[in-house]
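Right, one structure below, let's go through it.
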DNA sequence: ATAGGACTTCGAGTGCGCTCGAAGTCAAAA
DNA sequence: TTTTGACTTCGAGCGCACTCGAAGTCCTAT
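Protein chains in written order, with our numbering: chain X, 1 to 127; chain C, 1 to 127.
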């Protein structure tokens, strides 16, 4: 918390991170955040830049199909201190394998789709 | 239907296509197939090579996150004859855009994950 | 001071894509 | 011929990740 911290409302964070305010509250309920979100006057949430940074990373994990439960594990490790760094690294490395596999499958599927498209193109343009 | 056709049971198709027999029946119920699956003795399904080919392509559409409903549209077009080829081409082209976008987002996410991994590596290996 | 809108919690509802189970039928091997 | 196990239909159930709505509270601008 330095002087340069912008504390953001939930709506501002939703816009910056690209999810709904409902989803932000859901993630918090599920224990996916690294620490309790600050509150203005003990009710309205106030997010730090660090919170936003983590949420942005979280959305990348989701985008690469990491289940909520796995992200929860990762967040729990991160909350448990520095001696869980190795475990976190291993978790990310395992996830990395899955992402590479997904990219590979998608790329192969794209090739099949392109092949089909080429077929239609031939028959459509020769008309 | 040539002499060289291997008619396959649902279990054999499930194995070849990489989905469960339950899923195969579900796809059929949902109207995702191009034509009625043949039957042995009017009960047990018998799939042709063409059926398997379509199912393989169908799984690639699913793998690239095309919703069941869109696949249903595509199959309906394909069933409606040759004059829907242009419409099918457009559908596939639109889907292609989405696949490319997904690949791009995934690749960017992978970069973020790799960046995080590199950070852990530094701190873990310098110990 | 007051109005209006953004925020709060909490539980319930939704949509998608399967996945399962029951109850029964069929067919290939011994 | 009998048995075993793969097949059939049908409707219901499930898991995931949100998404929504109700009912109430708080902040900001006028």
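Cβ coordinates follow ideal geometry from the N, Cα and C atoms, glycine included.
On the DSSP bridge assignment, give the partners of residue i in chain order.
i: residue 45 (chain C); result: C:39
i: residue 8 (chain C); result: C:47
Express the C-alpha separation of residue j and residue i in angstroms, rounding to a whole number.
i: residue 123 (chain C); j: residue 36 (chain X); result: 26 angstroms
i: residue 89 (chain X); j: residue 117 (chain C); result: 6 angstroms
i: residue 19 (chain C); j: residue 45 (chain C); result: 16 angstroms
i: residue 104 (chain C); j: residue 104 (chain X); result: 13 angstroms
i: residue 102 (chain X); j: residue 109 (chain X); result: 10 angstroms
i: residue 50 (chain C); j: residue 94 (chain X); result: 37 angstroms
i: residue 38 (chain C); j: residue 47 (chain C); result: 6 angstroms
i: residue 111 (chain C); j: residue 8 (chain X); result: 27 angstroms
i: residue 120 (chain X); j: residue 67 (chain C); result: 21 angstroms
i: residue 70 (chain C); j: residue 106 (chain X); result: 18 angstroms
i: residue 65 (chain X); j: residue 41 (chain C); result: 43 angstroms
i: residue 92 (chain X); j: residue 96 (chain C); result: 29 angstroms
i: residue 32 (chain X); j: residue 23 (chain X); result: 11 angstroms
i: residue 62 (chain X); j: residue 16 (chain X); result: 16 angstroms
i: residue 84 (chain C); j: residue 98 (chain C); result: 21 angstroms
i: residue 82 (chain X); j: residue 76 (chain X); result: 12 angstroms
i: residue 126 (chain C); j: residue 86 (chain X); result: 12 angstroms
i: residue 3 (chain X); j: residue 34 (chain X); result: Residue placement at residue 3 (chain X) is flagged as unreliable, the pLDDT there being 42, under the threshold of 50; a coordinate-derived value is accordingly withheld.
i: residue 79 (chain X); j: residue 54 (chain X); result: 12 angstroms
i: residue 52 (chain C); j: residue 12 (chain C); result: 10 angstroms
i: residue 100 (chain X); j: residue 43 (chain C); result: 42 angstroms
i: residue 74 (chain X); j: residue 113 (chain C); result: 13 angstroms
i: residue 72 (chain X); j: residue 10 (chain C); result: 39 angstroms
i: residue 14 (chain C); j: residue 21 (chain C); result: 6 angstroms
Does any heavy atom of the ligand FMN sit closer than 7 angstroms to the C-beta of residue i?
i: residue 100 (chain X); result: This structure simply doesn't include the ligand FMN, nor any ligand for that matter.
Tell me which residue opens and which closes the alpha helix (DSSP H) that residue i is part of.
i: residue 119 (chain C); result: 85-125
i: residue 77 (chain X); result: 68-79
i: residue 30 (chain C); result: Looking at the DSSP string, residue 30 (chain C) is not in any alpha helix (DSSP H), and its letter there is neither H nor E.
>> Whether or not the region 45-61 of chain X and the region 27-36 of chain X are in contact is what I'm after, with contact meaning three or more pairs of Cβ atoms, one per stretch, closer than 8 angstroms; do they touch?
In response: With a cut-off of 8 angstroms, the region 45-61 of chain X and the region 27-36 of chain X count as touching, because enough Cβ pairs lie within range.
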